[in-house]
Structure formats: structure tokens, C-alpha cells
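**Student:** To convert a position in the sequence shown, counted from 1, into the numbering used here, add 1142.
C-beta: ideal position from N, C-alpha, C; glycine also.
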Amino acid sequence: MARVDIVMPQMGESIAEGTLSKWLKKVGDTVKRDEPIFEISTDKVDAEIPAPSGGTLAEILVTEGQTVPVSTVVARLETEIGAVVAAPSSAPPKAEPAQANASATPSKAPALAKAMTSSASSASSAVKHPAPLRGNGNSLEDRLRTKSSPLVRKIAAEHGVEITGMQGSGIAGRVTKRDILQYLESGAATPPRPSMHAPGLGVRGPNVEPWPGDTVETMSKIRQLTSDHMVIARRHAAHVTSFFEIDLTRVSRLRQKMRASFEAQTGQKLTYLPFIIRAVVDALNQHAALNAAHTENQVIYRKQYNIGIAVALDWGLIVPVIKRADDLSLSGLTKSLNDLAERARTKRLKPEEVQGATFTITNPGVFGSLAGTPIIPAGTSAILGLGAIEKRPKVMAGPDGEDVIAVRTCAYFSLSFDHRIVDGADADKFLASVKRGLETYPDSQP
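1. Span of the alpha helix (DSSP H) holding Ala1486?
2. Just tell me which of Leu1203, Asn1433 and Val1149 has its CA closest to the CA of Ala1569.
3. Please state whether the Cβ-Cβ distance between Arg1401 and Leu1390 is less than 9 Å.
4. Give the straight-line distance between the Cα atoms of Leu1472 and Ala1421, rounded to the nearest whole angstrom.
5. Compute the distance between the beta-carbons of Ile1531 and Thr1504, then report whether it is under 9 Å.
6. The beta strand (DSSP E) with Leu1396 in it runs from where to where?
7. Check each candidate in Ala1193, Arg1578 and Leu1166 and name the one with the smallest Cα separation from Pro1428.
8. Taking buried to mean at least 16 other C-beta atoms within 10 Å of its own C-beta, is Ile1547 buried or exposed?
9. Can you give me the C-alpha to C-alpha distance between Asp1321 and Ala1298, rounded to a whole angstrom?
10. Taking its Cβ as the centre, do 16 or more other Cβ atoms sit within 10 Å of Ala1189, making it buried, or is it exposed?
11. Can you give me the Cβ contacts of Ala1228 inside the same chain, cut-off strictly under 7 Å, excluding the 5 residues immediately before and after it?
12. Excluding the 5 residues flanking Arg1444 on each side, which residues of the same chain have their C-beta closer than 6 Å to its C-beta?
13. Does DSSP put Ser1511 in a helix, in a strand, or in coil?
14. Using 8 Å as the threshold, is the segment 1455 to 1464 in touch with the segment 1509 to 1518, meaning 3 or more CB pairs across them?
15. Check whether the segment 1357 to 1377 and the segment 1553 to 1562 are in contact - that is, three or more C-beta pairs closer than 8 Å.
16. Drop a sphere of 10 angstroms on the beta-carbon of Thr1582, count the other beta-carbons inside from all chains shown, and report buried for 16 or more, exposed for fewer.
17. State the Cα-Cα distance for the pair Val1382 and Gln1497, rounded to the nearest angstrom.
18. Determine the closest residue to Thr1575 out of Glu1387, Glu1494 and Gly1521, with distance taken between C-alpha atoms.
19. Could you tell me whether the Cβ atoms of His1436 and Ala1513 are closer together than 9 Å?
20. By Cβ distance below 6 Å, which residues in the same chain neighbour Arg1376 in space, the five residues on each side in sequence not counted?
21. How big is the Cα-Cα spacing for Ser1403 and Leu1580?
22. Given this structure, state the Cα-to-Cα distance separating Leu1203 from Gln1398, to the nearest angstrom.
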């Protein structure tokens, strides 16, 4: 018999840790090769991790809810075939039980116990104390260093630590959670005084207590991450929202006309969304600021058209990305949409499939919402919200030029945009282009 180590995988180049959210097997269970064995949550993806080989689950080293660095051994399999797959020599030591956190000194960091996860105490000894950084902040290394996880940024903000002034142990000096926790334990940081003039920077929310009869539940990892992302994104961009009503009658008729043959040829159901994505990509091609990102005093105009599609799951929200959407036909977009949505619901998305969006579409209209003001994802300049598609009476010009009331299929489209990059006129011109593209959608477009 041989033992095979199962390690916390690195789900993307910039991800330094993951949370083991659920074990799908227990000690003593027989496991097949590539069979899902546990679930993880990171700041990018929620996924099931397959077993590296077949055998019996002999030992579980990391419990549900623990956050550990990548390459940490989380469990071991007993197998008759194969040798032990050792964790990389550079891997941090395995996570200790949650009780290890009790050794933190409360007087040095009053809120540290809340911020630390069960792996922090054992991991901190393997990391050198962060040293101040000298640089102008504009180099690639500097930019990589500040690309820390939402959790690290949250802890740093609560304790008044400037991440750009630290040298971390991650890739290109990236500050990891272990770095920030060790820095706080050292007593080098002094928590800032709360200030009503600096919302979100060292200011905590109100101390809300449960009342008798209330139900209290700990937030899931994906809900915590969504919360962090939304606060950061809202704080980062100058949000403005415009609304257009768009007549989708032509698309509705075209969809009905194509539906039977389309489904017979592709095996896919034809919805409104692929038509909308095509119109959006065409409009982005005309209005570059909507496919851009802001950094320091620069604007990056993306040449790829990667469309993020928000997918509501029973346990949270995830945004898989259709890469190079401008290269896909209507059927190609449909296949990509259905495939990504299905794998999001079954936790089979790859890390790269939830990264790199240049523009995002969210569709609350499927739940009956008429309109909304969605939050712009960080690293982009706009997000399009789709309201409910429904029939409405509209005043139109009849054949003889007289006004008539007609029944039309319409929806409200809302565009939240970053006013640092996009002016209101440009946003409205973009929406006008989307409106024109959908209301004059060509019959022959594939």
C-alpha cells in the first residue's frame, strides 16, 4: 500500500489560498480517480476538486471551513498503485487545528482573532516579516504586489496598513494573508481611528445584535467573497446609471421563426441573450470606453471582447466569461452560454473561465425585475442590466402616418458606467447603438 497526498490546488496564477468548504467523502470511503472529493472556495471560483488517484480516503488534515495556502496537504489516500505524491518543498506547512489561533496576543491586534483563519498561526512562522517597499508603484512588480485578495485588502483597511508599502511572500512580492496577519501580530500596525469622512477605510459597520427569536447563520465563503467584491467595486468606481427602453419585437419574431430549426441543428434552446450579446459586442466595437479599465492615471482600452454573464446560483453569484465573443456566431454564443451556466451550477468551472471579463451583462429580468442599477465589476468600466422582457402598448406611426397603439415586446436596459472613464453622452451613445442593433437586427445574421 502507498499513500498519496491530496493538496490544495492553485486555482489561478494570482490565487495564494483557498477555503475547503465541504468534504464530499469521509475517512474510510472508497474514492475513484477523478471523482470529486472536496469543494473549495477562492476569491475567483467555487469548484469541486477531483481525486488524483483511486484508493481509500485514509486521513483528513484540513476540516471544512479552513482556509489554507495552495499546496497544503489537505488529505491522504491509501492506494495499491502509484507512489506518494509529495507536496512541493516550498509549500507552507499544513494547517493546524482551529484552536491554534488562541495563541494570538489580543493586545497587539484587537480584531485579529476575527480576521485570522485556522491556518494562520502555523503558516506565519514560515514567512519572513514583510519589509517596506521602495519603488514608484508603476512597475509590473509593484502592480502585481498590490493585486492581493479581497480578504487581505479588508484586513489591511481595518488596521490602517498600506499594502503597497509591504514586501510579501507571494508571487512577485504579492502580500498574502499570512503576511498581513504576521505583520499585525508583530504590533507594527496601529488600528486607525474610525472616521465618518472615510467610509470603508477603518470604519466598521454598526454593531448589530440578534434579537430573541432571530435565526443567525454564518455567511458562506462565496457570500463573504461576493460581499467583499461588491464593496471594493462600489468604492473603486464612480457609478452612474442610464436607462433605455428597447423594442425587442423584431428579435422576438426572428427568434420564433428560427427556433425550431436552430434547436434541431444545435440541440440548444434559443433565448434572447445571444442576440443581445451580439448587439452589445457590435456596440463595444464602436464605443471603446465601454470596453476599458482604469488604472492610476491611465485608461486601458481592451482589444478583446470578453463578456461576463452573471449566473445566480442557489448558494451565491458567479460570473463566467465568454472569451472573444466577437468571434462567435449566434449558435456559438448559445453553446457557450449554456455550457458555462451548466458548469457553474455543477461547480465545474475552471479558474480562467471566471476571469478576464471586459464587459458584464446581468439579467435580473428573469426574476421579474423591470430595471436595476448593477455594480460595475472591478477592472471594467461598465455593466449592462436587462429588465423583464414583456409586451407593452406603444404609440407608433401607422401606415398612413397617423399614430396608432400597438402591442410591442419591450425591456428596460440599464447601463452602470464608471464616470472616471465614460461620460454620460458616451454611455447613452453606446445604449443607442445597442438599441439600434436590436431593433434592426438582420434576418440573415448567423
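**Tutor:** This is what the structure gives:
1. Leu1472 to Arg1487
2. Across the set Leu1203, Asn1433 and Val1149, the C-alpha of Asn1433 shows the shortest separation from the C-alpha of Ala1569.
3. No. Outside cutoff.
4. 11 Å
5. no
6. Where Leu1396 is concerned, there is no enclosing beta strand (DSSP E), although the alpha helix (DSSP H) it sits in stretches over Thr1391 to Thr1408.
7. Inspection of the sequence shows that residue 1428 is occupied by Gln rather than by Pro. Selected option, being the one with the closest Cα: Arg1578.
8. exposed
9. Looking at the backbone, the Cα of Asp1321 and that of Ala1298 are separated by about 11 Å.
10. buried
11. Any reading at Ala1228 must be qualified, since the residue scores a pLDDT of 38, below 50, and its modelled position is unreliable; the value itself is stated next. Cβ neighbours of Ala1228 within its own chain (closer than 7 Å, five residues either side excluded): Asp1147.
12. Asn1433 and Thr1500
13. coil
14. They do not touch, by the three-pair rule.
15. no
16. exposed
17. 24 Å
18. Correcting the residue type first, residue 1575 is Ser in the shown sequence and not Thr. Ranking Glu1387, Glu1494 and Gly1521 by Cα distance to Ser1575 puts Glu1387 first.
19. No, the Cβ-Cβ distance between His1436 and Ala1513 is not below 9 Å.
20. Ile1517
21. Cα atoms of Ser1403 and Leu1580: separation of roughly 21 Å, rounded to the nearest angstrom.
22. About 55 Å.
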